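Please read the structure below before turning to the comments.
What follows is the structure, given as structure tokens:
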């Protein structure tokens, strides 16, 4: 009997404040969509780093003939200079940071270059003599690039030390800034959602002030009186959260998996499984919004 009464009160409240309830649903939907997008962007960055950082190498390019670098003033790197670089890489404090080292001769570099660019119009203007011999170094921790850079940069016979991470860092920077933007917008929208839910509960309570007064006179507890209003906010927020989950699922399914995933298959993308993984978080945030709004509003309402 009490359960049916609470359901009827919830239905009455939602009908009386339909426009406010719809507003709560929409604002919650937008705010939690931004929250979900921020989480998915961070997951995407993690996938990028997990896939690419393991493959990142440091390239130590040795001096070719005619280089203008001060370390190449003596001309092409000699065997003694190459052995000197090997000796540096074999030092215990440096070797501890290295997973593997591969030496690529000029002839090997020319074979790789030919396979990649033999169809370009300028290919015939380049020869094997223009290639750099190099060391390809894979680190245990790609973040420790500076260790190798410090000990090799400026050594005779070394033209440049190149970190492949520099190719990806601008992309990570853009994605991180997009995450911050999404999180900022989400924060503003979540505040708006709290204010809207608070207003909706307050209006619903005031519109039924006479009924709740009678319930108080016949001995109903504060919790029993307040429960329908709390559930109204929770239902509206939960509907918004479910819409956000649905919107994110559709976006990831059709824009990421079906479109980007088919056009650029070499990139690891977030999937619909990641959306389902964050769905409980979004629903939990929705309940938290409703709880905060209920506490703020009904703590005053019980004094009315």
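Residue numbers (UniProt numbering): 1 to 304. Beta carbons are placed, not taken as given, at the ideal position from N, Cα and C, and that holds for glycine. Nothing here was measured: the structure is a model prediction, and the numbers come from that model.
{"query": "Where residue 67 sits in the DSSP three-state scheme", "result": "coil"}
{"query": "Of the residues 45, 88, 286, the one placed nearest residue 152, counting alpha carbons only", "result": "88"}
{"query": "Distance between residue 269 and residue 48 (C-alpha atoms, nearest Å)", "result": "8 Å"}
{"query": "Contact check, residue 200 vs residue 24, beta carbons under 7 Å", "result": "yes"}
{"query": "Supposed contact pair residue 241 and residue 32 - C-beta distance, whole angstroms, cut 8 Å", "result": "5 Å"}
{"query": "Beta-carbon proximity of residue 69 to residue 159, cut-off 7 Å", "result": "yes"}
{"query": "Range covered by the alpha helix (DSSP H) that runs through residue 80", "result": "79-89"}
{"query": "Straight-line Cα distance separating residue 261 from residue 272", "result": "12 Å"}
{"query": "Residues bridged to residue 161 [DSSP beta-bridge criterion]", "result": "60"}
{"query": "C-beta contact flag for residue 59 and residue 162 at 7 Å", "result": "yes"}
{"query": "Enclosing alpha helix (DSSP H) for residue 104 [first to last residue]", "result": "Element bounds for residue 104: not the alpha helix (DSSP H) but the beta strand (DSSP E), 98-104."}
{"query": "C-beta neighbour in chain C for residue 65, strict 7 Å", "result": "Absent from the structure: chain C. Only one protein chain is present."}
{"query": "Minimum C-alpha distance to residue 321 - residue among 237, 170, 91, 188", "result": "No answer is possible for residue 321: it lies beyond the span of the chain, which begins at 1 and ends at 304."}
{"query": "Whether residue 293 touches residue 194 by CB criterion (7 Å)", "result": "yes"}
{"query": "According to DSSP, residues forming a beta bridge with residue 135", "result": "60, 103"}
{"query": "Buried/exposed call for residue 1, threshold 16 Cβ in 10 Å", "result": "With a pLDDT of only 42 at residue 1, under the threshold of 50, the placement of this residue in the model should not be trusted; the figure read from the coordinates follows. Per the 10 Å Cβ criterion, exposed."}
{"query": "Close Cβ partners of residue 5 (< 6 Å) along its chain, the five nearest in sequence each way excluded", "result": "Since pLDDT at residue 5 reaches only 49, below the 50 mark, its modelled position is unreliable, and the value read off the structure follows with that caveat. If we look at residue 5 and ignore the five residues flanking it on each side, it has no Cβ neighbours."}
{"query": "Nonlocal neighbours in the same chain, by C-beta distance under 6 Å from residue 123, ignoring five residues either side", "result": "117"}
{"query": "Backbone secondary structure at residue 120 - three-state DSSP", "result": "coil"}
{"query": "Where residue 202 sits in the DSSP three-state scheme", "result": "helix"}
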